[in-house]
Structure formats: structure tokens, C-alpha cells
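These notes concern the structure reproduced below.
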Amino acid sequence: MKTKILKNTKEDIEKAARILRDGGLVAFPTETVYGLGANAFDEKAVAAVYEAKGRPSDNPMIVHISRASDIGQLTRRLSPDIVTLIENFWPGPLTLVVKKRPEVPDRTTGGLDTVAVRMPDNETALELISTALCPVAAPSANLSGSPSPTRAVDVIEDLDGKVDAIIQGEDCRVGIESTVVDMTGDVPTILRPGIITAENLEAALGKKVEYDKAITGKNGGIDGDYKPKSPGMKYKHYAPKAEMIVVEGERARVKAEIERLKGLNERLGNNVGVILFEEKAFIEAAHDFFARLRDLDKEGVDLILAGALSDTDGVGFAVMNRMLKSAGYNIVRVQ
Ligand code: AMP
Ligand code: MG
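Anchor point for the sequence shown: position 165 equals 165 in our numbering, and the numbering is continuous, going up by one each time.
Pasting the structure below:
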């Protein structure tokens, strides 16, 4: 397949919208990471997204809308809490899991009776969706398992020749995927952490929210028989080609241990890359993390040593969720 590389001009966005309407696949920028979109109501188009990404078919997609009121096409009723979150955080990096209307295809929701919905905070994405005149199902625009794409070049690297079009926009402002919150139970439950934190949600709702055990449990809660509510949390994720180790502990010791491991491995002839963010610079870490993984892979490193961020529930915690998965929970602790 020949992939059209488009710009984020009005004319090109119209071309891309037409492709979506005709059942094609278009990768586009959002504020979180690039998405690979299809008409959410077109089962064949949605099936083609799974195919292009090599994504397991039980891992549901987030449906993107361009006006908050369009959530009515996907779910019948909105609780007061859902309305509060929409008013406070949309457009923005917050995905709400709600009961789905029967019209939403099982393909889109991985067979679940719920649907994940978000209104992105990105001009190009909003214009594309509103011109396409349909909600757009879009997982991240990478090959399944590889680091999420935060720059147009990353998308081209993974999906050129596999999708109908790629819109080249700016680098993603946030750099990690949206916070996903399950709104179908009594207590709002975070299924995937992001830059909108538990504290942000609690401040808006005036009540406690919980984390799914897949996030707080050891090894992502996937060691035991716990079944994560968000199917995507159980798969191998974000993995660079290089082997990766996360070094955790007091900062000065982490730095020293990284230097020691780097030296030892270089002496064995390995090419070693290091990811060590400024202390407490969590927003920058979120912005840079996936891009750093991809750049180190391009440099052909054999081993990546990453310093853990010390944060238990904020933005740094959301980055750590990705970092630990990238490393396959390969952790060294220093005291
Ligand atoms: P991605 O599209 O790659 O950003 O991944 C979307 C994430 O949202 C995955 O972790 C999915 O498992 C999760 N997700 C999507 N729809 C639902 C749903 N209906 N219920 C729970 N999690 C969902
Ligand atoms: Mg993804």
C-alpha cells in the first residue's frame, strides 16, 4: 500500500477526512501521542487498524470525538460525575470508559459492553474528526509493543506502507497516553495513569478515586491471576529493541550504579544508552521518554539504563508505569 504523507493544512485534513469516511486508515497528531484512526462505526475499518498495528483483537480502542456532546453517539446516559469530568478536562488527555450503546461495534470495544471516549486537545485532530463526520477509533500509531510515537517521523518509521495516510503535525505536547478512568462502577477507577492525576480528578469530583490493581500491583498486577479491567495493560508494551534495566533508589546512588553498570558493560563491548531525567522534572520526562527510547534504538544501543523517577501518584508515577513496562519489569534496586 502506498501511504500518503499529508501536511496539517486545511486542504490535506479534508483529504484525510475523506479517507476516513471511505473506510481508510489515517494517522494523526494529538496532544498525547500520535493516533491511528478509523471510523469507529465501520467494523471493517476498525479491523484494519488491528491488522496494521499487529494489535491483539481483545485490546479495545479509544474513540475520539470533536465535540463533547458527541459522546451521546456512543453512550446513552451521563452520570453527574461523568459530566463534571467532561467539563473540567475536555478537550484534554482524559479518557472516560462508559457503558456503550448497542450501535458501537464489538470490534471497536474488543467485545466489552463499555466504550472508552476522549476529546483530544489538538487543532489538527479536532478538525480531522469534525470533517470526517464520525467518531474516530484510534489507538496509538505505532506497531503493537513498540514505544508510542510522539513525532511524525516515529509514525512514518512504524506505519509507512501499512496505512492510507499519515498527517505530519507537530511533536506531541504531552508525550504519554491519556489517563483512562472507568466511570461504570460506584467509584471512578484509574485504569491507566497519565498527566491528569488522581489528585486532579479528586479535586474536580470532590471524592476519592481508586487505581485498578493492574497499575499498583507488583509487575503491573499481571503476575497473579488478577485480570486487568483495561485489557491493554496485560500486553508487552513500549519495548525498545535494546535490553533495558531500570535502576531505582536514592538519587546519588542511582547515578553511581548507572555509571558502574555502564562501565562494566562497555568493557564487554556493549553500546550503552542512559536515560536519566532531572529530578522532579516529571512533565519533561513524560514529554521525552518515548522519543528517547526510539532515538537510542536508532543509535543501535545494546543496553538502556534508566533512572527511576521517585513519585508515587503524580505525573512521574505515570511515566514510571511506562518505564517499567518498557524494561519488562527488569529492576535493580540500590539502597
Ligand atoms: P491505546 O489505544 O494504545 O492508547 O490503548 C488504549 C487503552 O485504553 C488500552 O489500555 C485499552 O485496554 C484501554 N481501553 C480502551 N477501551 C476500554 C474499555 N472499554 N474498557 C477498559 N479499557 C479500555
Ligand atoms: Mg498503544
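All residues carry an ideal CB built from backbone N, CA and C; glycine is no exception.
Heavy atom of the ligand AMP less than 8 Å from the Cβ of Asp182, yes or no?
Counting from one through the sequence shown, the residue named residue 182 turns up at place 182. Within the cutoff, so yes.
Are the region 165-180 and the region 67-78 in contact at 8 Å, needing three or more beta carbon pairs?
no
Could you check if Thr312 is buried or exposed, using at least 16 other CB atoms within 10 Å of its CB as the buried criterion?
Taking the sequence shown and counting its residues from 1, one reaches residue 312 at position 312. Exposed, by the Cβ-count rule.
Can you list the beta strand (DSSP E) stretches of 3 or more residues lying completely in the region 56-87, in chain order?
62-64
For the ligand MG, is there a heavy atom less than 8 Å away from the beta-carbon of Ser140?
For the purposes of this step, residue 140 is identified with residue 140 of the sequence shown, where counting begins at 1. The answer is yes for Ser140.
According to DSSP, is Leu96 part of a helix, a strand, or is it coil?
Working through the sequence shown from its first residue, we reach residue 96 at position 96. Leu96: strand per DSSP, three-state reduction.
At the level of alpha carbons, what is the spacing between Arg294 and Ser146?
By one-based count along the sequence shown, residue 294 stands at place 294. By one-based count along the sequence shown, residue 146 stands at place 146. Their Cα atoms are separated by approximately 9 Å.
Look at the alpha carbon of Gly307 and the alpha carbon of Leu296, and state the distance between them as a whole number of angstroms.
For the purposes of this step, residue 307 is taken as the residue at position 307 of the sequence shown. For the purposes of this step, residue 296 is taken as the residue at position 296 of the sequence shown. Computed Cα separation, rounded: 15 Å.
Specify the secondary structure class of Arg333 as computed by DSSP and reduced to three states.
What you label residue 333 is simply residue 333 of the sequence shown in a count that begins at 1. Residue state, collapsed to three classes: strand.
So, with DSSP's three-state summary, where would you put Gly263?
Position 263 of the sequence shown, counting from 1, holds the residue named residue 263. Three-state DSSP puts Gly263 in a helix.
Please state whether the Cβ-Cβ distance between Gly175 and Phe289 is less than 9 Å.
Residue numbering aside, residue 175 sits at position 175 when the sequence shown is read from its first letter. Residue numbering aside, residue 289 sits at position 289 when the sequence shown is read from its first letter. Yes, Cβ-Cβ distance for Gly175 and Phe289 is below 9 Å.
Just confirm the distance between the C-beta atoms of Pro60 and Thr108, as a whole number of angstroms; I'd bet it's less than 8 Å.
Here residue 60 corresponds to residue number 60 of the sequence shown, with the count starting at 1. Here residue 108 corresponds to residue number 108 of the sequence shown, with the count starting at 1. That belief holds up - the Cβ atoms of Pro60 and Thr108 are roughly 7 Å apart, short of 8 Å.
Less than 9 Å separating the beta-carbons of Gly300 and Asn271?
Residue 300 sits at position 300 when you count from the first residue of the sequence shown. Residue 271 sits at position 271 when you count from the first residue of the sequence shown. Yes; because the gap between Cβ atoms is below 9 Å, this pair is in contact.
So, Pro91 versus Leu126, is the Cβ gap smaller than 9 Å?
Position 91 of the sequence shown, counted from the start, is the residue given in the question as residue 91. Position 126 of the sequence shown, counted from the start, is the residue given in the question as residue 126. Contact flag set, yes.
Please state whether DSSP places Asp158 in a helix, a strand or coil.
The residue given as residue 158 occupies position 158 in the sequence shown. Reduced to three states, the DSSP call for Asp158 is helix.
Once the 5 residues before and after Thr114 are set aside, which same chain residues still bring their CB inside 7 Å of it?
As a working note, residue 114 is residue 114 in the sequence shown. Correct list, in chain order: Val97, Val98, Lys99, Lys100 and Thr184.
Using three-state DSSP, classify Ile5 as helix, strand or coil.
Within the sequence shown, residue 5 is the residue found at index 5, counting from 1. Correct three-state label for Ile5: strand.
Contact check, Leu159 vs Ala52 under 8 Å by CB: the rounded distance?
Indexing the sequence shown from 1 puts residue 159 at position 159. Indexing the sequence shown from 1 puts residue 52 at position 52. Confirmed, Cβ separation roughly 6 Å.
Would you identify the three-state DSSP class for Tyr34, choosing helix, strand or coil?
Start at 1 with the first residue of the sequence shown, and residue 34 comes out as number 34. Coil, per DSSP.
Identify the continuous alpha helix (DSSP H) that holds Glu250 and give its terminal residues.
Numbered from its first residue, the sequence shown carries residue 250 at position 250. Following the DSSP letters along the chain, one finds Glu250 in no alpha helix (DSSP H), marked with neither H nor E.
Within 10 Å of its beta-carbon, does Asp42 have 16 or more other beta-carbons around it, so buried, or fewer, so exposed?
Position 42 of the sequence shown, counted from the start, is the residue given in the question as residue 42. Buried, because 16 or more other Cβ atoms sit within 10 Å of the Cβ of Asp42.
Which residues share a DSSP beta bridge with Val181?
Reading the sequence shown from its first residue, position 181 is the one you call residue 181. For Val181, which the question treats as bridged, DSSP gives the partners Leu96 and Ile190.
Quick check: what's the CA-CA separation for Lys325 versus Pro188?
By 1-based counting over the sequence shown, the position of residue 325 is 325. By 1-based counting over the sequence shown, the position of residue 188 is 188. Cα to Cα, the separation comes out at about 24 Å.
Can you say whether Asn330 is buried or exposed, counting buried as having 16 or more other CB atoms within 10 angstroms of its CB?
Reading the sequence shown from its first residue, position 330 is the one you call residue 330. It counts as exposed.
Using the three-state DSSP reduction, which class does Met244 fall into: helix, strand or coil?
The residue you call residue 244 lines up with position 244 of the sequence shown. Note: Met244 maps to strand in three-state DSSP.
Taking the continuous alpha helix (DSSP H) assigned at Ala239, which residues delimit it?
Here residue 239 is taken as the residue at index 239 of the sequence shown, counted from 1. No alpha helix (DSSP H) contains Ala239, which DSSP labels as neither H nor E.
With a CB to CB cut of under 6 Å and the five nearest residues on each side skipped, what residues in its chain are close to Ala45?
Locating residue 45 in the sequence shown gives position 45, where the first residue counts as 1. These residues qualify, in order along the chain: Gly23, Ala38 and Asn39.
Determine the closest residue to Pro105 out of Asn122, Leu85 and Asp58, with distance taken between C-alpha atoms.
Within the sequence shown, the letter at position 105 stands for residue 105. Ranking Asn122, Leu85 and Asp58 by Cα distance to Pro105 puts Asp58 first.
Between which two residues does the beta strand (DSSP E) harbouring Arg151 extend?
Taking the sequence shown and counting its residues from 1, one reaches residue 151 at position 151. Arg151 -> no beta strand (DSSP E), and no H or E assigned at all.
Should Asp154 be labelled buried (16 or more other beta-carbon atoms within 10 Å of its own) or exposed?
As a first step, residue 154 must be located in the sequence shown, where it is residue number 154. Buried, by the Cβ-count rule.
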